[in-house]
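When we follow the working numbering, the leftmost residue of the sequence shown carries the number 64, and every step to the right adds one.
For each residue, glycine too, the CB sits at the ideal point set by N, CA and C.
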Amino acid sequence: MMTRTVKIGGGLVLLGCLVVAGIVWQRPADSLPRQFLAKLTGIRRAPDETGAPTYHVEIVRGQTDTIRFSRESYEKLQIRTVDVKPAPPPEPLRLPGSLQFDPDRLIKVHSRFTGELIRIGDARAEGSQRRLRYGDRVEKDDLLAVVWSKEIGEKKSELVDAFSKLEADRRTLKALESAAKGAVAELRIVEAKRNVDADWIALSKAERTLRSWRLTESEIQAVYQEAEDVRKGETNPSNDKSWAELEIRAPISGLIVQKDFNEGAMIDPDDDLFKIADVTQLRVVASVYEEDLPMLRQLPAGHRNWLVDLKSDPHDPPVPGTFDLIGTVIDPKVHTGVVLGWIDNRQTNHAAGQFITATVELTADPTLVVIPAVALIEEGDASYVFVETNAERLEFTRRKVQVTRRGRQTVFVCGDQAAADRGCNGQSLTVGERILTTMALELSAELEAAKARSPEDP
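Shown next, in the form of structure tokens:
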């Protein structure tokens with residue numbers, strides 16, 4: 064096949080085309096596949112008439128943006144390729160935060176009635192007798208305090224009164240029913256039965272009220288015993304001392320983390336007498352920048368783990384924990400969200416309020432691949448790479464790619480598994496494909512220049 068060759072010197076305008084220095088453009092006489100010759104200084108071969116060495120890189124007919132190297136040009140230009148690799152995991156997120164009591168394990172202890180705090184419970188301290196105080200450990204149902212309340216005394220008295228009245232009305236009914244027939248009017252018997260029923264209702268009401276106030280079974284039985292003693296005409300002085308007392312017991316096992324009242328204080332139901340916390344598990348509250356939130360949300364539920372490092376002890380090994388709640392509200396001042404998690408504290412060697420750093424290992428995004436930055440060709444808003452499409456014929460096709468993130472030496476682009484919502488629209492790379500890493504910019508520029516020339520140019 065005959066060809067016509069035009070040699071173009073540096074910076075010259077020939078036939079209406081301005082080209083870069085050292086380019087020799089060749090085109091077949093029949094205007095079939097175009098060729099261009101690229102020259103790089105420093106690479107030696109037999110020079111042409113002007114003394115400039117040239118190397119052939121051919122545009123392949125019928126394939127969009129595809130070039131073919133001669134074997135000699137490929138070797139002399141020292142063309143290098145690399146494999147497209149899966150995107151590595153991002154750098155771990157390091158989130159500042161602090162430890163707090165778990166709200167689900169923190170109980171506020173109240174008195175159900177207004178009254179006087181007459182006694183604080185005893186501590187479980189070995190070898191000492193003292194009242195409970197801040198920091199003491201209590202077990203469930205331990206006595207915390209005793210409150211003297213007239214409401215308790217009144218309700219207990221109502222139960223005694225109902226019990227006593229019931230016994231009297233039952234005896235009356237029994238006497239009426241045992242009388243000779245016709246000696247007692249039927250109406251009186253009916254009224255006596257009605258009185259017994261009313262007494263049962265009053266007794267049940269008084270008992271249920273005491274149960275609703277969380278009096279124990281033994282305390283209620285003590286009230287019945289008092290009523291029985293009254294019926295027999297007996298008295299128990301010990302009942303008089305504890306008649307209006309309400310015992311307040313620990314609802315859970317844990318540490319007393321707040322104690323606001325002492326003996327002799329007048330209290331209301333709204334007052335927090337104690338706060339008891341189960342510190343075997345602490346809540347971690349960490350801050351995360353809003354741009355890092357999507358990476359956390361993409362983690363599967365089974366992989367939401369972190370390592371919590373205490374700032375107060377740099378030599379302490381990190382404590383493993385989990386997080387499962389990522390906040391949906393961003394602080395407008397610092398643009399951070401909140402991540403909530405938990406760590407095990409059964410050894411009780413961590414304290415609420417401590418500053419921590421939570422490290423989250425992120426998983427790699429399977430929809431992304433990574434390539435060297437030198438392989439990327441930037442042309443306006445578009446990005447391209449040369450992909451090896453035929454290794455035997457040394458053919459490379461320029462392919463448009465979608466860049467998602469950039470580093471100093473690597474670039475993350477959409478892989479073949481990328482979702483449509485990333486905007487990839489099929490412009491992706493596959494792991495294992497080989498891409499050009501040398502002369503990518505120069506080759507792309509010459510490819511555009513060659514495509515811009517009209518076939519009719521001599």
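Beta-carbon to beta-carbon, V450 and R468 are separated by about 20 Å, too far to satisfy the 8 Å threshold. Note that the C-beta distance between R409 and F164 is not below 9 Å. The Cβ-Cβ distance between P149 and V448 does not fall below 9 Å. For W263, the enclosing alpha helix (DSSP H) starts and ends at E249 to S275. Going by DSSP, T235 is part of the alpha helix (DSSP H) stretching over K213 to S241. Around the beta carbon of S241, fewer than 16 other beta carbons sit within 10 angstroms, so the residue counts as exposed. The three-state reading of DSSP puts R134 in helix, counting H, G and I together. Assigned with DSSP and collapsed to three states, M502 falls in coil, not helix or strand. Of the residues assessed, E455 falls on the exposed side of the cut-off, its CB having fewer than 16 other CB atoms within 10 angstroms. Only exposed fits H378, as fewer than 16 other CB atoms lie within 10 angstroms of its CB. Segment contact: the segment 224-238 against the segment 194-209, fewer than three CB-CB distances shorter than 8 Å; contact not assigned. Per DSSP, the continuous alpha helix (DSSP H) segment holding P357 begins and ends at L356 to R360.
The alpha-carbon separation between L336 and E326 amounts to approximately 11 Å.
Residue range V466 to R469 is occupied by the beta strand (DSSP E) that includes R468.
Around the beta carbon of S507, a 10 Å sphere encloses 16 or more other beta carbons of the protein chains shown; the residue is thus reported as buried.
Just so you know, the alpha carbons of V247 and S275 end up roughly 42 Å apart.
For W211, same chain residues with a beta-carbon under 7 Å away, outside a window of 5 residues either side, are G178, E179, I181, A307 and E308 in chain order.
As the crow flies, the alpha-carbon of D199 is around 19 Å from that of P166. The distance from the Cβ of D232 to that of V253 is about 13 Å, inconsistent with a contact at the 8 Å cut-off. Counting the other Cβ atoms within 10 Å of the Cβ of G184 gives 16 or more, which makes it buried. In the structure shown, the three-state DSSP call for H119 is strand. Linking I498 to P429 through their CA atoms gives a straight-line distance of about 20 Å.
Beyond the five residues adjoining it in sequence on each side, E270 comes within less than 8 Å, by CB distance, of L222 and I283 in the same chain, given in chain order. Contact between the segment 117-128 and the segment 431-444 is absent, with fewer than three C-beta pairs closer than 8 Å. Within the DSSP secondary-structure output, K322 pairs in a beta bridge with F337.
A straight line joining the alpha-carbon of N412 with that of L373 spans about 11 Å.
N408 has no beta-bridge partner at all, per DSSP.
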